[in-house]
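One structure is given here, and the rest of the page talks about it.
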Amino acid sequence: MAFEQHLDAGLDEALRARVANDFIREGRLFGAVAQTSLTADEIVALQRAGWSKRDYHDAPVMEAPQSTIDWQQLRRRHRDSTLHVISHRLDQGAPWVGARQEILEELMASQWEEQEDELRTLLHAFAFASMWSQTDDAPSARIESSETFFFYTERMRTTALKASQYATNAPKNDHAFWEMVSSLNDVPE
Numbered sequence: 001m002a003f004e005q006h007l008d009a010g011l012d013e014a015l016r017a018r019v020a021n022d023f024i025r026e027g028r029l030f031g032a033v034a035q036t037s038l039t040a041d042e043i044v045a046l047q048r049a050g051w052s053k054r055d056y057h058d059a060p061v062m063e064a065p066q067s068t069i070d071w072q073q074l075r076r077r078h079r080d081s082t083l084h085v086i087s088h089r090l091d092q093g094a095p096w097v098g099a100r101q102e103i104l105e106e107l108m109a110s111q112w113e114e115q116e117d118e119l120r121t122l123l124h125a126f127a128f129a130s131m132w133s134q135t136d137d138a139p140s141a142r143i144e145s146s147e148t149f150f151f152y153t154e155r156m157r158t159t160a161l162k163a164s165q166y167a168t169n170a171p172k173n174d175h176a177f178w179e180m181v182s183s184l185n186d187v188p189e
């Protein structure tokens, strides 16, 4: 709880609830809150928390701290990081070929799925909204490509981004993943 309170500094529960209920849910201003629905004190509190005041002539809004996460890029970075550690950890290095490499790829994909689930949970806990990127050229590619998160505070955004960088690291030395990787030496090529 103390960790969460530290992250929420400057944004009280009532204002968080208003943001979660009143944010714009469609169009180019998705994730913003209309200034007309806020008091002057609430606008100041949001600015202190890292929000930007956008005085658009037709629709003045408060724009939330936001960040776009490219899930495929994070997955590649996790894979590269893990392969790098494997190349230093195992005598014969990596990559292997044939069945060993296929099993290794499956192990790394499984490990990333666990990391990704934990990271998504964290990001959704810190954000009041998210939306998938919308590209007209490849609508099916956006399903698992990039997602924009809208955070309550700049501090939450910064913490979430640090967590996303941490998630791409190879598993810790004592993780069961390494026992499975070591056992691949027994798999015929």
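First residue of the sequence shown? That's 1 in the UniProt record's numbering, and the numbers climb one at a time after it.
Even glycine gets a Cβ: it sits at the ideal position worked out from N, Cα and C.
As the structure is a prediction and not an experimental result, all values here were calculated from the model.
Which residues in the same chain as residue 2 place their Cβ atom closer than 8 Å to its Cβ, once the five residues preceding and following it in sequence are excluded? For residue 2, the pLDDT reaches just 36, beneath the cut-off of 50, and the residue's location in the model is therefore unreliable, although a value from the coordinates is still provided. Counting only Cβ-Cβ distances below 8 Å, and skipping sequence neighbours, we find nothing.
Can you find the residues in the same chain that come closer than 7 Å, C-beta to C-beta, to residue 129, ignoring five residues on each side of it along the sequence? 23, 31 and 150
Is DSSP giving residue 130 helix, strand or coil here? strand
Would you call the segment 33-51 and the segment 77-87 touching, i.e. three or more CB-CB distances under 8 Å? no
Using DSSP with H/G/I as helix, E/B as strand and the rest coil, what is residue 34? DSSP places residue 34 within a strand segment (E or B) once states are collapsed to three.
Can you tell me where the alpha helix (DSSP H) with residue 87 in it begins and where it stops? 71-89
Reference residue 14, options 25, 26, 28 and 42, closest by Cα: 42
Classification of residue 100 by the beta-carbon crowding that lies within 10 angstroms, buried from 16 upward: buried
Distance, residue 186 Cα to residue 148 Cα: 43 Å
Following the continuous beta strand (DSSP E) through residue 147, name the residue where it begins and the one where it ends. 146-151
In the DSSP assignment, find the unbroken alpha helix (DSSP H) run with residue 181 in it and report its ends. 176-183
8 Å contact criterion, which residue 107 and residue 160 should meet: CB distance rounded: At roughly 27 Å, the Cβ-Cβ gap does not stay under 8 Å, so residue 107 and residue 160 are not in contact.
Measure from the alpha carbon of residue 166 to the alpha carbon of each residue in 118, 102, 40 and 88, then state which is nearest. 118
From 120, 61, 109 and 82, residue whose alpha carbon lies closest to that of residue 173: Ranked by Cα distance from residue 173, the options 120, 61, 109 and 82 are led by 82.
On the DSSP bridge assignment, give the partners of residue 66 in chain order. Residue pairing from DSSP places residue 66 in a beta bridge opposite 150.
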